[in-house]
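What follows is one structure encoded as structure tokens, with my remarks underneath.
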Amino acid sequence: MSMTFANLPALARAAVPESSASFASDLVLWEESLPGGCHWSGVLRRGNTLRLTDLNGTANVSALFFNQEEKTERYNMPDTLKAQHTAYLTQGHVCYSDMGRVLCSIPEDTCGWHDTFSGVLDAAGLEKKYGQARYQTHRNSMCRSGLDGLVVELNKWGLGRRDMNGNVNFFSKVAADADGKLQFDTAHRQPQQHVDLRFEMNVLVLLSAAPHPLDPAPVYAPGAVKLTAWRSGIAGANDVCRLLCPENDRGFINTERWFL
Amino acid sequence: MSATLEISALDPAHAILDTIVPAGEPWLQKLTKGQIFRIVDLEGNQAVDTLFYNADDCEEHYSLTHTIQAQGALYLSLGSVLMSSEGRPMLTIVADTCGRHDTLGGACSCESNTVRYALDKRAMHSCRDSFMAAIAHNPYGLHKRDIASNINFFMNVPVTPQGGLTFEDGVSAPGKYVEMRAEMDVLVLISNCPQLNNPCNAYNPTPVRCLVWNPA
Chain A
11 MSMTFANLPA LARAAVPESS ASFASDLVLW EESLPGGCHW SGVLRRGNTL
61 RLTDLNGTAN VSALFFNQEE KTERYNMPDT LKAQHTAYLT QGHVCYSDMG
111 RVLCSIPEDT CGWHDTFSGV LDAAGLEKKY GQARYQTHRN SMCRSGLDGL
161 VVELNKWGLG RRDMNGNVNF FSKVAADADG KLQFDTAHRQ PQQHVDLRFE
211 MNVLVLLSAA PHPLDPAPVY APGAVKLTAW RSGIAGANDV CRLLCPENDR
261 GFINTERWFL
Chain B
-2 MSATLEISAL DPAHAILDTI VPAGEPWLQK LTKGQIFRIV DLEGNQAVDT
48 LFYNADDCEE HYSLTHTIQA QGALYLSLGS VLMSSEGRPM LTIVADTCGR
98 HDTLGGACSC ESNTVRYALD KRAMHSCRDS FMAAIAHNPY GLHKRDIASN
148 INFFMNVPVT PQGGLTFEDG VSAPGKYVEM RAEMDVLVLI SNCPQLNNPC
198 NAYNPTPVRC LVWNPA
């Protein structure tokens, strides 16, 4: 008989709550704003949720995730896509590490599509697209690339460019035609859309709010994002992400074993 | 699906390296700038999980996102430039008799097999284990951190306009090959995929042949 949540030993099942909490203002732990183009990193603990809100409908949030307790374990884009038979992320999906565990899950999403395969712009790509706007002339309104922002944050935690790998681009939609040609959907984003990232492990989170690499907008004007951390608890037995597919049921079992 | 095929004029008799990588084995080889590297799918429908590194600075690795951005498209084929994590061309595909190669599917691992198939699949051989074995004693300083998302030559992972993703039966066949020119000195790290749980190897992993020619 193959192992599922239903036939786990009683003690293993008892470690999982029935459900996680729905958002309520009295569950908020902290709030920060991330201006367009800027970068951020921090640790989100198991059982807390980070809500990203696209304030003006113009944001892109490039994100990398690492297991904070063992940083060679990190978000793995191909494993995330293969396990869930999807090329994009939305409600019900989870972000897998390369070790078959769920770093975070998406129990709620009002946006509907988050890009997984377009990566971030580097400094040369940024300058080619938007021209030069450096600190010396523009101070903190300078143009910042997603790659530079993430590499700066990686280095703060003893990581570096070798740890740079496929990231999620929250709020951005890129679709492929039959030949694989890519198209950025300019009508996709709307003001005040939010996505909840519920952390199922203790996770080092790195974010950049620089423009999406395929966004055709000719002017550098990345939108601001509100970060809201709130106490949700972990995915429950009847959670939308756990029940999405048998793969996620097994992914959560792997994750729970890290903490049993 | 449209595909542009190109046959190579190079003669295996003039190759400076001609070797067989058995099913389920890793292979690590240095190429110098200008050399031509060919992988032959000897028996057909074999996924060849492949990574590249700048031979002088292994922290610069093949980057699927830079490659996808540079060509504005998902699949690799004739003319695709394989880009590094520093945004530089590493290799260019100069001949191809298969027509499409994947760079979204990544490598199989014991850990992802437990998720995708069943918890008791952990003991099955996987590409990740081959990569770990290959770097355990490598002289270049490669570390688990350097195992980025790879290319799967001869593998077909179509994405639908609705965002669905599936593993299709192989597009390759016996004797099909892909050939690329090194644009810098690179290390090639291959896992000749041992996956038995999906059709990426037609449920029968088989050997591939790797050849290298010096520039004309």
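Chains as they are written, first to last, in my numbering: chain A, 11 to 270; chain B, -2 to 213. Think of the CB as a built atom: it goes at the ideal place given N, C-alpha and C, for glycine as much as any other residue.
CB contact below 8 angstroms: residue i versus chain B
i: Y230/A; result: no
i: L164/A; result: no
i: T265/A; result: no
i: F180/A; result: no
i: R154/A; result: no
i: L253/A; result: no
i: D173/A; result: yes
i: G159/A; result: no
i: K139/A; result: no
i: A25/A; result: no
i: F269/A; result: no
i: F127/A; result: yes
i: G168/A; result: no
i: L113/A; result: no
i: L91/A; result: yes
Test: residue i CB closer than 8 angstroms to a CB of chain A
i: Q66/B; result: yes
i: P191/B; result: no
i: L186/B; result: no
i: G167/B; result: no
i: H58/B; result: yes
i: R35/B; result: no
i: T29/B; result: no
i: R206/B; result: no
i: V45/B; result: no
i: S82/B; result: yes
i: E108/B; result: yes
i: V156/B; result: yes
Closer than 8 angstroms at the beta carbon, the chain B residues around residue i
i: W123/A; result: G160
i: H95/A; result: G161, L162 and T163
i: L74/A; result: Within chain B, no residue comes near L74/A; the closest Cβ sits about 12 angstroms away, beyond 8 angstroms.
i: Y106/A; result: S109 and V112
i: S12/A; result: A115, L116 and D117
Identity of the residues DSSP links to residue i by a beta bridge
i: L184/B; result: K27/B and Y50/B
i: C105/A; result: C114/A
i: P86/B; result: M80/B
i: L2/B; result: BP columns for L2/B are empty, so no partner.
i: A70/B; result: K191/A
i: M177/B; result: F34/B and I90/B
i: D206/A; result: R61/A
i: A239/A; result: W40/A and L60/A
i: C207/B; result: T16/B and I36/B
i: W268/A; result: Answer is none; W268/A lacks a bridge partner.
i: Y85/A; result: S107/A
Within chain B, partners of residue i - CB distance below 9 angstroms
i: M87/A; result: L61, T62, L101, G103 and S146
i: T82/A; result: H140, K141 and R142
i: E257/A; result: V112, R113 and Y114
Same chain only: Cβ atoms within 7 angstroms of residue i, ignoring 5 sequence neighbours per side
i: Y85/A; result: L74, F75, C105, S107 and L113
i: E180/B; result: K30, P86, M87, L88 and T89
Residue i: contacting residues in chain B (beta-carbon distance under 7 angstroms)
i: M211/A; result: Neighbours of M211/A on chain B: none; closest Cβ ~14 angstroms, over 7 angstroms.
i: R260/A; result: T111, V112 and L116
i: P223/A; result: Q66
i: L65/A; result: Residues of chain B passing the Cβ test: none, with the nearest at roughly 25 angstroms.
i: D132/A; result: G84
i: Y98/A; result: G160
Partners in chain A for residue i, counting only beta-carbon separations shorter than 8 angstroms
i: A70/B; result: A186, D189, G190, K191 and L192
Closest by C-alpha distance to residue i, when choosing among the options
i: G261/A; options: T29/B, L116/B and L39/B; result: L116/B
i: T89/B; options: V18/B, N194/B, V175/B and D99/B; result: V175/B
i: G129/A; options: P19/B, S81/B and A104/B; result: S81/B
i: G168/A; options: R56/A, Q78/A, N58/A and S30/A; result: Q78/A
i: V71/A; options: T126/A, N165/A and E210/A; result: T126/A
i: G275/A; options: L136/A, M211/A and P256/A; result: The structure shown does not extend to residue 275/A, since chain A is modelled only from 11 through 270, so no value can be given for it.
i: P223/A; options: M152/A, Y140/A, T238/A and R241/A; result: Y140/A
i: L214/A; options: L54/A, R144/A, L21/A and T238/A; result: L54/A
i: A34/A; options: R241/A, P88/A and L270/A; result: R241/A
i: T94/B; options: T100/B, L101/B and G76/B; result: G76/B
Spatial neighbours of residue i in its chain, beta-carbon cut-off 8 angstroms, leaving aside the 5 residues before and after
i: F297/A; result: For residue 297/A there is no data in the structure shown, the boundaries of chain A being 11 and 270.
i: H11/B; result: W210
i: H103/A; result: T90, Q94, T96, S115, I116, C251 and L254
i: N135/B; result: L25
i: Y200/B; result: L193
6 angstroms CB neighbourhood of residue i in its chain, flanking five on each side removed
i: S106/B; result: S123 and R125
i: A170/B; result: G41
i: A92/B; result: E3, S5 and E176
i: T68/A; result: G233
i: W50/A; result: L44 and L217
i: D173/A; result: L164
Cβ-heavy atom distance, residue i to the ligand GTP, below 7 angstroms
i: C190/B; result: Ligands in the displayed structure: none, and consequently the ligand GTP is not present.
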